[in-house]
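Q: Chains as they are written, first to last, in our numbering: chain A, 1 to 226; chain B, 1 to 416.
Given below as structure tokens:
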């Protein structure tokens, strides 16, 4: 029963939502089911938060390696929970929106969380550089083609690309680097992306049918044939 | 002063005061009058414009009776550049009630869809051209009631395609159930799974499984978790350590169930611990910072990145590369695939992510679904070739039949 009920729910809801695409009176059902999911996810958040506290308190108790970070995590978690629940500093009081300008919760978000997130995001630039350095080595024929294409697109997206090939007459404008970059992006890149997208769409259809028909049960845990 | 003189003086004083009062009153009226007159002039200068014409209201096809479409010819004074029409206002009468304004539209607008109608109600619409301070209302429409349709025939081709692809998947699952052997091409990334787990076992280091940053309502997360189900069995068999940091609570509970049952199946339930799957945070880059920290501290030998990834994909994959872990990644987001290809040892590209669980299971009925998927791909390829040829020939030689064929294909495969 533990597995039959979820399988039945998956089959019932999955089939219903497939038909809802083609039956106008059922067209909002998909959105409604998404709302159900959101409600469940909110309750599940308590599990996540509880787990976070349990793990870090356990780390502190056992003085595991890097336990100092757990103190920072727990203080941060507790402080945000405190100022958020009690709406400390909120100009509109306890009844106002927790994210109202001036509230401590919003101030912490604006001046602590946001800069920290931006810092992490900024690392991406350096990672792109190191990954590109490895990927664009002319190790073989395919890698060489990739390198040339990348070089053309890189130049085509900068003023230097225009500057280098501005002398080419309009009748041969295709050979201007920015135009070649556009051609590579709109022809090869777009075709490749669309091919991948078609494959993905068909993969989603097959995967969904496996889930709806109960052929794929791994996500429920337990024996496949259970 | 004699009484007569005193009387004369009084009369003169009173007269002077009266004259001064009258003069000041007249002066104050003179000052006020021009403003009043000017204001009246501004208020009363109304530039007349023609009202919109040919207003038609039609029921929106294939809906639940919630929409009515309006179309009209804009005011002839709504000219480009020098228009005195500033916009249009839609009025609606509900069941013979008073006309209510339901929407304001910019100049040049010529259509509107009322998406707040109710079944069984009757509506009359009119459209007013707006100028600065005045409205010029069109003739009202005939009364109209929205209608409900039970089947959306505009999606008939989508239904047909879904039927063919879905039918092919079910057909091949059935064929496989009957015992027919089906060939499925090798996927390098999945062939390497056992080696990757074995490597971690030999090195005595943990395996890190990252299921992306989306929740259980994303099919990529589900695909990642189904692969986890297969991998965790091998991990349990090898008695290797696995760690799975997640950014969604529901993924945490699902991940725990999957790993727990794998350890039970392997006969090692005592080796399982809830700490193998830990919730970090819902915040994208907070999660990335934590996972990067785990990578650098724990130095896992193998990292699986399977699920929905966004900007964090390269940060995670490059950190994994930096610590020398063998990495198997997979996502269905085309924009992130190049990052994984550049930074990981094996990448499951799009559909391979969804095929992975079936592939790893080796079960005939699961593999059957992959064959059904291939039928869909074959159809797509044939249509693409026909479409490309028809467009090329039709454009190059202006052949009407080819252009018609392209139009038919566009009608069938267009989703808009």
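Heads up, the beta-carbon is just placed ideally off N, CA and C, and yes, glycines get one too.
Short check: CB of residue 304 of chain B to CB of residue 328 of chain B, under 7 Å?
A: Translated into the one-based positions of the second chain, residue 304 of chain B becomes position 304. Translated into the one-based positions of the second chain, residue 328 of chain B becomes position 328. Yes. Within cutoff.
Q: Output needed for residue 372 of chain B: all residues of its chain with C-beta closer than 6 Å, excluding positions within five of it in sequence on either side, in chain order.
A: Sequence index remark: in the second chain, residue 372 of chain B carries index 372 (1-based). Excluding its 5 nearest sequence neighbours in each direction, residue 372 of chain B has C-beta neighbours in its own chain below 6 Å: 168, 169, 172, listed in chain order.
Q: May I ask you to report which of helix, strand or coil DSSP gives residue 60 of chain B?
A: Residue numbering aside, residue 60 of chain B sits at position 60 when the second chain is read from its first letter. Correct three-state label for residue 60 of chain B: coil.
Q: For the segment 362-382 of chain B, which residues have a CB atom closer than 8 Å to at least one CB atom of chain A, in sequence order?
A: Going along the segment 362-382 of chain B in chain order, one finds 363, 365, 366, 369, 370, 372, 373, 376, 377, 380 with a Cβ nearer than 8 Å to chain A.
Q: Residues in its own chain within less than 7 Å of residue 205 of chain B by CB, not counting five upstream and five downstream?
A: Numbered from its first residue, the second chain carries residue 205 of chain B at position 205. Hits under 7 Å: 299, 300, 301.
Q: Can you list, in chain order, the residues of its chain whose CB lies under 6 Å from that of residue 65 of chain B, leaving out five sequence neighbours each side?
A: Taking the first residue of the second chain as position 1, residue 65 of chain B is located at position 65. Result list for residue 65 of chain B: 119, 146, 147, 148, in chain order.
Q: Run down chain A in chain order and give the residues with a C-beta less than 8 Å from the C-beta of residue 350 of chain B.
A: In the second chain, the residue the question calls residue 350 of chain B occupies position 350. Here the neighbours are 196, 197, 199, 200, 203.
Q: Can you have a look at residue 91 of chain B and say buried or exposed, based on whether 16 or more other CB atoms are within 10 angstroms of its CB?
A: Start at 1 with the first residue of the second chain, and residue 91 of chain B comes out as number 91. Residue 91 of chain B should be labelled buried.
Q: What residues of chain C sit near residue 273 of chain B, judged by a beta carbon separation below 7 Å?
A: Absent from the structure is chain C; the protein chains it does hold are A and B.
Q: Which two residues bound the contiguous alpha helix (DSSP H) that contains residue 110 of chain A?
A: For this step, residue 110 of chain A is matched to residue 110 along the first chain. Run containing residue 110 of chain A: none; DSSP gives neither H nor E here.
Q: Would you tell me roughly how many angstroms separate the C-alpha atoms of residue 51 of chain A and residue 249 of chain B, rounded to the nearest one?
A: Counting from 1 along the first chain, the entry for residue 51 of chain A is found at position 51. Counting from 1 along the second chain, the entry for residue 249 of chain B is found at position 249. Distance between the alpha carbons of residue 51 of chain A and residue 249 of chain B is about 9 Å.
Q: In the DSSP assignment, find the unbroken beta strand (DSSP E) run with residue 126 of chain B in it and report its ends.
A: Stepping through the second chain from its first residue, residue 126 of chain B is reached at position 126. Where residue 126 of chain B is concerned, the enclosing beta strand (DSSP E) stretches over 123-131.
Q: Please report how far the alpha carbon of residue 118 of chain A lies from the alpha carbon of residue 126 of chain A, in whole angstroms.
A: For this step, residue 118 of chain A is matched to residue 118 along the first chain. For this step, residue 126 of chain A is matched to residue 126 along the first chain. Their Cα atoms are separated by approximately 14 Å.
Q: Is residue 313 of chain B closer than 7 Å to residue 336 of chain B when the C-beta atoms are compared?
A: Within the second chain, the letter at position 336 stands for residue 336 of chain B. Within the second chain, the letter at position 313 stands for residue 313 of chain B. Yes; because the gap between Cβ atoms is below 7 Å, this pair is in contact.
Q: Assuming residue 129 of chain B and residue 88 of chain B are in contact, meaning their beta carbons sit under 8 Å apart, how far apart are those beta carbons, in whole angstroms?
A: Counted from its first residue, the second chain places residue 129 of chain B at position 129. Counted from its first residue, the second chain places residue 88 of chain B at position 88. At roughly 6 Å, the Cβ-Cβ gap stays under 8 Å, so residue 129 of chain B and residue 88 of chain B are in contact.
Q: Going by DSSP, which residues form a beta bridge with residue 245 of chain B?
A: Start at 1 with the first residue of the second chain, and residue 245 of chain B comes out as number 245. Its beta-bridge partners are B:278.
Q: Can a CB atom of chain A be found closer than 7 Å to the CB of residue 159 of chain B?
A: In the second chain, residue 159 of chain B corresponds to position 159, counting from 1. Judged by the 7 Å Cβ criterion, residue 159 of chain B is in contact with chain A.
Q: Strictly below 9 Å CB to CB, what residues from chain A border residue 339 of chain B?
A: Numbered from 1 along the second chain, position 339 holds the residue referred to as residue 339 of chain B. For residue 339 of chain B, the neighbours in chain A by C-beta distance under 9 Å run, in chain order, 127, 128, 131.
Q: If you draw a straight line from the alpha carbon of residue 27 of chain A to that of residue 47 of chain B, how long is it in whole angstroms?
A: Within the first chain, the letter at position 27 stands for residue 27 of chain A. Within the second chain, the letter at position 47 stands for residue 47 of chain B. The alpha-carbon atoms of residue 27 of chain A and residue 47 of chain B are separated by roughly 46 Å.
Q: Is the CB-CB distance between residue 140 of chain B and residue 126 of chain B below 7 Å?
A: One-based indexing of the second chain puts residue 140 of chain B at position 140. One-based indexing of the second chain puts residue 126 of chain B at position 126. The answer is yes: Cβ separation under 7 Å.
Q: Give me, in chain order, the residues of the same chain whose beta-carbon lies closer than 6 Å to that of residue 58 of chain B; leave out the 5 immediate sequence neighbours on both sides.
A: To locate residue 58 of chain B, count along the second chain from 1; it is residue 58. Correct list, in chain order: 69.
Q: Check whether the segment 185-202 of chain B touches the segment 390-399 of chain B, taking contact to mean three or more Cβ pairs, one atom from each stretch, closer than 8 Å.
A: no
Q: Quick check on residue 241 of chain B - is its C-beta less than 7 Å from some C-beta in chain A?
A: What you label residue 241 of chain B is simply residue 241 of the second chain in a count that begins at 1. No, residue 241 of chain B does not count as interfacial toward chain A.
Q: Would residue 210 of chain A count as contacting chain B if we go by Cβ distances under 7 Å?
A: Here residue 210 of chain A is taken as the residue at index 210 of the first chain, counted from 1. Closer than 7 Å to some Cβ of chain B, the Cβ of residue 210 of chain A qualifies, so yes.
Q: Alpha carbon to alpha carbon, how far is residue 8 of chain A from residue 219 of chain A?
A: Start at 1 with the first residue of the first chain, and residue 8 of chain A comes out as number 8. Start at 1 with the first residue of the first chain, and residue 219 of chain A comes out as number 219. So the alpha carbons of these two residues sit roughly 14 Å apart.
Q: Beta-carbon within less than 6 Å of residue 75 of chain B's beta-carbon, same chain only, minus the 5 sequence neighbours each way: which residues are those?
A: Translated into the one-based positions of the second chain, residue 75 of chain B becomes position 75. Cβ neighbours of residue 75 of chain B beyond the five flanking positions: 49, 50, 52, 85, 129.
Q: With 16 as the cutoff for other CB atoms within 10 Å, does residue 230 of chain B come out buried or exposed?
A: For the purposes of this step, residue 230 of chain B is taken as the residue at position 230 of the second chain. The residue in question, residue 230 of chain B, is buried, as its Cβ has 16 or more Cβ neighbours within 10 Å.
Q: Which residue comes first and which comes last in the alpha helix (DSSP H) that contains residue 336 of chain B?
A: Mapped onto the second chain, residue 336 of chain B falls at position 336. Careful: residue 336 of chain B lies outside any alpha helix (DSSP H) and carries neither H nor E.
Q: By Cβ distance below 6 Å, which residues in the same chain neighbour residue 263 of chain B in space, the five residues on each side in sequence not counted?
A: On the second chain, residue 263 of chain B is found 263 positions in, with the first residue counted as 1. Answer for residue 263 of chain B: 236, 269, 271, 272, listed in chain order.
Q: Is residue 98 of chain A near residue 84 of chain A, with beta carbons less than 7 Å apart?
A: Walking along the first chain from the start, residue 98 of chain A turns up at place 98. Walking along the first chain from the start, residue 84 of chain A turns up at place 84. It is a contact, given that the beta carbons lie within the stated cut-off.
Q: When the distance is taken between beta carbons, is residue 223 of chain B closer than 7 Å to residue 439 of chain B?
A: A query on residue 439 of chain B cannot be resolved here, the shown segment of chain B reaching from 1 to 416 and no further.
Q: List the residues that DSSP assigns as beta-bridge partners of residue 111 of chain B.
A: Position 111 of the second chain holds residue 111 of chain B. Residue 111 of chain B is bridged to B:71.
Q: Which class does residue 347 of chain B belong to by DSSP, given the choice of helix, strand or coil?
A: Working through the second chain from its first residue, we reach residue 347 of chain B at position 347. In this structure, residue 347 of chain B counts as strand in the three-state DSSP scheme.
Q: Comparing the C-beta of residue 343 of chain B with each C-beta of chain A, is any distance below 7 Å?
A: The sequence position of residue 343 of chain B within the second chain is 343, counting from 1. It does: the Cβ of residue 343 of chain B has a partner Cβ on chain A nearer than 7 Å.
Q: Between the Cα of residue 29 of chain A and the Cα atoms of A:40, A:15, A:42, A:41, which residue gives the shortest distance?
A: As a position in the first chain, residue 29 of chain A is number 29, starting the count at 1. The shortest Cα separation from residue 29 of chain A among A:40, A:15, A:42, A:41 belongs to A:15.
Q: Which of the three DSSP states is assigned to residue 39 of chain B in this structure?
A: Within the second chain, residue 39 of chain B is the residue found at index 39, counting from 1. At residue 39 of chain B the pLDDT is 41, less than 50, meaning the model places this residue with poor confidence; the figure from the coordinates comes in the next sentence. Residue 39 of chain B carries a helical assignment under DSSP once its states are collapsed to helix, strand and coil.
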